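Numbering (our numbering), first residue to last: 1212 to 1345. Think of the CB as a built atom: it goes at the ideal place given N, C-alpha and C, for glycine as much as any other residue. Treat the numbers as computed from the prediction; the structure is a model and nothing was measured.
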């Protein structure tokens, strides 16, 4: 997957739009935010399989299992190469815990943008458990 020439601007717009929307599993959650960011940066849509197919986080995890993925990291790993957390760069996907749940975030420098129930927040890059290069 190749990033578009204007990927940084597209990512900033994507994150601003995501911040303005209320949390809603299946359309505005951490996995959808990460997939939407990938689409903004690359033009490749990896959302289609799951977007809108669940209405609760529990339902989302059931959909993952049904599709043959062990967890969110397994899903992301099917599309992107894993790199050491310390090598995460802007636009990469981080796997971490948010509010006690597995979550996906988008790297922005030494911070990770995470779409949680409370809104768009940032956490330290060092909170990531795994990192995938977009």
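Exercise. Does the beta carbon of residue 1315 sit closer than 9 Å to a beta carbon anywhere in chain B?
Worked result: Absent from the structure: chain B. Only one protein chain is present.
Problem set entry | Nearest neighbour of residue 1343, chosen from 1247, 1306, 1326 and 1268 [CA to CA] | 1306
Exercise. Between the region 1318 to 1330 and the region 1226 to 1235, are three or more C-beta pairs nearer than 8 Å?
Worked result: yes
For this session: Provide the residue span of the beta strand (DSSP E) that contains residue 1322, from first to last.
Result: 1322 to 1327
For this session: Can you tell me which of the three DSSP states residue 1285 falls into?
Result: helix
Exercise. Which residue from 1215, 1225 and 1341 puts its Cα closest to that of residue 1245?
Worked result: 1225
For this session: Pull up the distance between the alpha-carbon of residue 1253 and that of residue 1319, whole angstroms please.
Result: 16 Å
Problem set entry | Extent of the continuous beta strand (DSSP E) run through residue 1223 | That residue, residue 1223, is in no beta strand (DSSP E); its alpha helix (DSSP H) goes 1218 to 1230.
Exercise. What's the gap between the Cα of residue 1265 and the Cα of residue 1240?
Worked result: 11 Å
Exercise. Measuring CA to CA, which of 1238, 1222 and 1338 is closest to residue 1267?
Worked result: 1238
Exercise. Do residue 1235 and residue 1302 have their CB atoms nearer than 9 Å?
Worked result: no
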